[in-house]
Each structure stands twice: as C-alpha cells, then as structure tokens.
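First up is the structure itself, then whatever we jot down about it.
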Amino acid sequence: MGKCVVKECDSRSQKHNKSSGITFHTVPKDTVRRKKWVEIIRLLRKETDWVPSKSTLICSKHFRDQDKLGPKSDCGRVYLSNEAIPILVISKDLIRMNLILKSRRNF
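Residue 1059 in the working numbering sits at position 34 of the sequence shown; the count goes up by one each step and never skips.
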C-alpha cells in the first residue's frame, strides 16, 4: 500500500480504488521533469533535502484536470501529460507556493 507523498494528503493507494477516481503516479524518470517535481514536493513537505524513492507516489488530487489524460485502454489507467507538475496542494501554503512558481516562470 502506498501513501501520497504530500504530508497533508490522506490518499492511500489501497484505500482508493478505481471507482474513487483517485489515481497514483510515480515521480518521472526524465531528468528535467523529475527535478521540477522534486523541487515542488520539497516545498510542499518543507524538507529541503527530501529525495524520492522508487516507490514514491503522488495522487491525482495534486494535478490540474487538464494535465490528466483519459484512460487509454479498458484497464482505465489515467496518464499525466508530459507538462504535468504537482501544483494543487491541500494546505495553507497554497498562496506562497503559487507565488514561488510564478516568480520562477518569469526567469
């Protein structure tokens, strides 16, 4: 059973089945995308030295709907677009997080 890496999130892979609509995703292997995800997750966790493991999961609650690609087969698996980054947070730090992301985009 895996738990969403975002501390304030209570999503667990065993607790949420397909009917709940919540899916779980691993940190990308692509170096550029992985770096972005790790940076954001570190901010969310308030742990500057956090490093993902092979089994690290983040649930679909933290992605925009437009980042989710519908099921591609009968198994119902939902994929994320190549541009998807976990930006939706369930915490009081949402405003601070959005300001940080906007400032980095302007560089």
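Even glycine gets a Cβ: it sits at the ideal position worked out from N, Cα and C.
Contact between Ser1085 and Val1057 is absent: CB atoms are separated by about 22 Å, not below the 8 Å threshold. Apart from the 5 residues on each side of it in sequence, Ser1080 sits with its Cβ closer than 7 Å to the Cβ of Gly1027 in its chain, given in chain order. Under the three-state reduction of DSSP output, Arg1037 falls in the strand class. Between Glu1108 and Arg1129, the alpha-carbon positions lie close to 16 Å from each other. Between the C-alpha atoms of Trp1062 and Pro1053 there is a straight-line separation of about 8 Å. Annotation: the continuous alpha helix (DSSP H) that includes Thr1056 extends over 1056 to 1070. Linking Gly1095 to Asp1074 through their CA atoms gives a straight-line distance of about 34 Å.
Phe1049 has Cys1084 as its beta-bridge partners, per DSSP.
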